[in-house]
Each structure stands twice: as C-alpha cells, then as structure tokens.
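Following the numbering used here, the numbering of the sequence shown begins with 12 at its first residue and continues without gaps.
To start, the structure under review is shown below, and the notes come after it.
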Amino acid sequence: MEVLILTENFVMIAQQVLVLFVLIAVGFLCGKKGILTDSSSHHITDIVLYVVTPCVMISAFQREFTLDLLGKILIAAICASLIIAGSIALAKIIFRNKNEARSKVLQFAVVFSNCGFMSLPLQKAVLGDDGWFYGSIFVAVFNIFVWTYGLVSMSGDKKQLSIKKLAFNPGLVGVLIAIILFVCRIHLPYIISQPVEYLADLNTPLPMLVIGFYLSKADLKKAFTDVSTYIAMTVRLIVIPVAATLIMALFKVDTVIIIAFVIASAAPTAATTTMFAAKFNRDAELSVSVVASTTLVSIITMPLVVALAQTISV
Numbered sequence: 012m013e014v015l016i017l018t019e020n021f022v023m024i025a026q027q028v029l030v031l032f033v034l035i036a037v038g039f040l041c042g043k044k045g046i047l048t049d050s051s052s053h054h055i056t057d058i059v060l061y062v063v064t065p066c067v068m069i070s071a072f073q074r075e076f077t078l079d080l081l082g083k084i085l086i087a088a089i090c091a092s093l094i095i096a097g098s099i100a101l102a103k104i105i106f107r108n109k110n111e112a113r114s115k116v117l118q119f120a121v122v123f124s125n126c127g128f129m130s131l132p133l134q135k136a137v138l139g140d141d142g143w144f145y146g147s148i149f150v151a152v153f154n155i156f157v158w159t160y161g162l163v164s165m166s167g168d169k170k171q172l173s174i175k176k177l178a179f180n181p182g183l184v185g186v187l188i189a190i191i192l193f194v195c196r197i198h199l200p201y202i203i204s205q206p207v208e209y210l211a212d213l214n215t216p217l218p219m220l221v222i223g224f225y226l227s228k229a230d231l232k233k234a235f236t237d238v239s240t241y242i243a244m245t246v247r248l249i250v251i252p253v254a255a256t257l258i259m260a261l262f263k264v265d266t267v268i269i270i271a272f273v274i275a276s277a278a279p280t281a282a283t284t285t286m287f288a289a290k291f292n293r294d295a296e297l298s299v300s301v302v303a304s305t306t307l308v309s310i311i312t313m314p315l316v317v318a319l320a321q322t323i324s325v
C-alpha cells in the first residue's frame, strides 16, 4: 500500500515538474535562437523580482486572520530558519577546500535553493494557495539569510552588510506589506486585487523562461565532469530535503508546511550563486556548473523527494 501511495505521489509531482521543464525548454530554445538575450533576461528577472514576487506575497496573504494561522506562520518561519541554518552548518563541514574561491561557491550553492523561481509555482500546483502562502514565508527567510550570511560569506567582507539593501529587498517588502494587510484584516478591493493576482500568476512562466535561457548558455558537459559538482548536487537535492522531511515529521509539523518546505529545500541551486560569484570574484564558472547540473537533475530528484515527504507526513 505504501509503495502504491509513493508511486501515485511521484507521478503527480513528476507531472508538475515536467510542466515547469517544458517552460524551461521554451526558454532554452529562445536563448539558442537569440530571442532571449542577456539584456532581455535581465529585464525579465527585474520584473519578477520587483513586481511579480511582491504580488505573489500580497496575493498569498489575502486570507482571514486567525490566531491559529498566526501561530502556523511563526512555526513556518522557525522551520525555514532552522533548515537554512542547518544547511549552512552542513556546507561548512563538507566543503573546506583550501581554494576559497571554490569552497565559498560550493557552500553557497548547497545552502541556497531556487525557492522563489522554481518552488513557488510547484508549491501552488501541488498545494494550492496554501502552498504559495507558506512558500512565501520560506522566501522571506531565504532573503534575510542571502543578504546577511550569504553576502558576507561570498564577499568575505562584513562591511558589505547593508540595512538598506535588506530593508528594500523586494521579497521582504512584499512580505511586510502582505503581513500588514493580513494582521490588519484589510482585504484589497477587486480593482486592485485582480491585477495583483494577474501579476502573481506570471511567477510561473517568466522565471522558467529565464532559467531556460541560462541553461542555454551553460557548458553542460563541463557541469557533469567536476566531482565537487556531484557532491554539491547530492547534498542540495537529496540530503537537505530528506533530512528536513524527517525532522519536521518527527516534530509533527503541519503537513502542508512540511510539503511546502520540502519543495523549497529540494529545489536546485539558486541563480543568485552565479550573480554573487561574478560580483565578488569567486569561481563563477563553477557556480554556473552547479546551477545548471542541479537544475537538470532536479527533474528526477524533486518528484522522488517530494513524493517521499508526502508519504511520510500523511
């Protein structure tokens, strides 16, 4: 019976992941044909970060305020923080290469998943609006860690920390607005809520096109010939999400939170890895390899890991 349930869960998740990869394939072809360029992909990324992502947050939090739901939000925030903090500790233990440029990239690649671009669409497809709701909480915690620990780790300079950068991060701004509306029980009028929902819906196709574009520019052969890439891939796609599943299930965390966070944890390496590596003169080529390889392999690992989480958490 458990094998049957696991198989059914795998097929369901695999279908949703394949839908995303069809969109990624379109982006890949657009990149190869020159329809998408570095400039256009950069502009699309800005639209997603500064417009679409805040709309996702606001749309997700447009629900009735209850103390029970507030408690679940706090639990979700704690779980997300512990998952990322645990990933940081694990990455530091595994990757202690004397070549700092490589070790910093590998640590960052293991800790930070593509929980915004790749996870939110899948969370909504599998869990509905609740998936977006808890997924947005994970993204908020992710952004705090990226612009504090991630920034200092990759740059090697604590002076890079900036309250301004953190305060005006679009993901956090969206969450703050969403929480204020949620706590104050303010429901947006239709003339505002409908455009917000339309923009939020762009969070599925636009990021997938951008991911496809970056894959079209990656040296995929080289991505699968570096041993460190395989280690990072295994930890990022399997070890962390499986460990998160078992620990959250042990503490009887709400099933929806478990599935939403396992989807976020099982996502491939964040594209932010390459952006930071290039900015701070780390091993940018290695970062591209890890992002590309984990993205391709996640088509197999995400359905397996999420299906396992669904079976365990029921």
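Beta carbons: idealized from backbone N, C-alpha and C, even for Gly.
Since the structure is predicted, the reported quantities are computational estimates derived from the model, not experimental observations.
Using a 10 Å radius around the Cβ and a threshold of 16 neighbouring Cβ atoms, would you call Gln27 buried or exposed?
Your numbering for residue 27 matches position 16 in the sequence shown. Buried, by the Cβ-count rule.
Taking all protein chains shown into account, decide if Gln205 is buried (16 or more other Cβ within 10 angstroms of its Cβ) or exposed.
Counting from one through the sequence shown, the residue named residue 205 turns up at place 194. Burial call: exposed.
Where Thr48 sits in the DSSP three-state scheme
Position 37 of the sequence shown, counted from the start, is the residue given in the question as residue 48. Coil, per DSSP.
Roughly how far, in whole angstroms, is the beta-carbon of Val267 from the beta-carbon of Asp141, given that I think they are within contact range, below 8 Å?
Here the question's residue 267 lines up with position 256 in the sequence shown. Here the question's residue 141 lines up with position 130 in the sequence shown. About 5 Å separates the two Cβ atoms, so the contact holds.
Please determine if the region 254–269 and the region 103–120 are in contact, where contact requires at least 3 C-beta pairs separated by less than 8 Å.
Taking a contact to require three or more Cβ pairs closer than 8 Å, the region 254–269 and the region 103–120 do not qualify as touching.
Just confirm the distance between the C-beta atoms of Leu220 and Val37, as a whole number of angstroms; I'd bet it's less than 8 Å.
In the sequence shown, the residue the question calls residue 220 occupies position 209. In the sequence shown, the residue the question calls residue 37 occupies position 26. Contact flag correct, Cβ pair sits at about 6 Å.
Among His54, Gly45 and Met68, which has the Cα closest to the Cα of Leu192?
Position 181 of the sequence shown, counted from the start, is the residue given in the question as residue 192. Scanning His54, Gly45 and Met68 for the CA closest to the CA of Leu192 turns up Met68.
State yes or no: is the C-beta of Met129 within less than 8 Å of the C-beta of Pro252?
Mapped onto the sequence shown, residue 129 falls at position 118. Mapped onto the sequence shown, residue 252 falls at position 241. No, the pair does not count as a contact, with Cβ atoms beyond the cut-off.
C-alpha distance - Ser298 paired with Ala234, whole-angstrom precision:
Along the sequence shown, one-based indexing puts residue 298 at 287. Along the sequence shown, one-based indexing puts residue 234 at 223. Rounded to the nearest angstrom, the gap between the Cα atoms of Ser298 and Ala234 is 9 Å.
Going by the CB atoms, is the gap between Ser276 and Ile94 shorter than 8 Å?
Within the sequence shown, the letter at position 83 stands for residue 94. Within the sequence shown, the letter at position 265 stands for residue 276. Yes, these two residues count as a Cβ contact at 8 Å.
Would you report the Cα separation of Gly167 and Gln73, rounded to the nearest angstrom?
Your numbering for residue 167 matches position 156 in the sequence shown. Your numbering for residue 73 matches position 62 in the sequence shown. For the pair Gly167 and Gln73, the Cα-to-Cα distance works out to about 40 Å.
Burial state of Leu29, where buried means 16 or more other Cβ atoms lie within 10 Å
Reading the sequence shown from its first residue, position 18 is the one you call residue 29. Exposed is the call here.
Quick check on Ile222 - is its C-beta less than 8 Å from some C-beta in chain C?
Of the protein chains in the structure, only one exists, and it is not chain C.
Check this for me: beta carbons of Phe119 and Gly161, under 8 Å apart or not?
Within the sequence shown, numbered from 1, the residue matching residue 119 stands at position 108. Within the sequence shown, numbered from 1, the residue matching residue 161 stands at position 150. A contact, by the Cβ cut-off of 8 Å.
When the distance is taken between beta carbons, is Ala151 closer than 8 Å to Leu131?
Locating residue 131 in the sequence shown gives position 120, where the first residue counts as 1. Locating residue 151 in the sequence shown gives position 140, where the first residue counts as 1. In this structure, Leu131 keeps its C-beta atom at 8 Å or more from the C-beta atom of Ala151.
Considering only C-alpha positions, which residue in the set Cys90, Ala71 and Val122 is nearest to Ile104?
In the sequence shown, the residue the question calls residue 104 occupies position 93. Comparing C-alpha distances from Ile104 to each of Cys90, Ala71 and Val122 shows the shortest one belongs to Val122.
I'd like the list of long-range same chain contacts for Asp294, defined as Cβ closer than 7 Å, with 5 residues on each side in sequence excluded.
Reading the sequence shown from its first residue, position 283 is the one you call residue 294. Apart from sequence neighbours up to five positions away, the residues of its chain that approach Asp294 with a beta-carbon distance below 7 Å are Ala112, Arg113, Val116 and Ala288, ordered along the chain.
Around the Cβ of Arg196, are there at least 16 other Cβ atoms within 10 angstroms (buried) or fewer (exposed)?
Against the sequence shown, residue 196 aligns to sequence position 185. With fewer than 16 other CB atoms across the displayed protein chains lying within 10 angstroms of its CB, Arg196 is exposed.
The alpha helix (DSSP H) spanning Pro216 covers which residue range?
Here residue 216 refers to the residue found at position 205 when the sequence shown is read from its first residue. If you look at Pro216, you'll find it in the alpha helix (DSSP H) that goes Pro216 to Lys228.
Contact check, Phe224 vs Cys41, beta carbons under 8 Å:
If you number the sequence shown from 1, residue 224 lands on position 213. If you number the sequence shown from 1, residue 41 lands on position 30. Cβ atoms of Phe224 and Cys41: closer than 8 Å.
Are the CB atoms of Thr283 and Val157 within a distance shorter than 8 Å?
Here the question's residue 157 lines up with position 146 in the sequence shown. Here the question's residue 283 lines up with position 272 in the sequence shown. In contact: Val157 and Thr283 (Cβ atoms closer than 8 Å).
In whole angstroms, what separates the C-alpha of Ile327 from that of Thr236?
A question about residue 327 goes unanswered here, because the residues of the chain that appear run from 12 up to 325.
CB-CB length for Val63 against Leu210, believed under 8 Å
Position 52 of the sequence shown holds residue 63. Position 199 of the sequence shown holds residue 210. Rounded, the Cβ-Cβ distance is 6 Å, consistent with contact.
Assuming Leu226 contacts Thr159 (C-beta within less than 8 Å), just tell me the rounded distance between them.
One-based indexing of the sequence shown puts residue 226 at position 215. One-based indexing of the sequence shown puts residue 159 at position 148. Going by Cβ atoms, the distance from Leu226 to Thr159 rounds to 29 Å, so no, they are not a contact pair.
Whole runs of the alpha helix (DSSP H) within the region 74–127, excluding any shorter than 4 residues:
The DSSP assignment places 78–105 and 111–122 as complete runs of the alpha helix (DSSP H) inside the region 74–127, in order along the chain (cut-off: 4 residues).
Give the straight-line distance between the Cα atoms of Glu208 and Asn110, rounded to the nearest whole angstrom.
Translated into positions along the sequence shown, residue 208 becomes position 197. Translated into positions along the sequence shown, residue 110 becomes position 99. About 46 Å.
Spatial neighbours of Phe21 in its chain, beta-carbon cut-off 7 Å, leaving aside the 5 residues before and after:
As a working note, residue 21 is residue 10 in the sequence shown. Within the same chain, Phe21 has close Cβ partners Pro314, Leu315 and Ala318.
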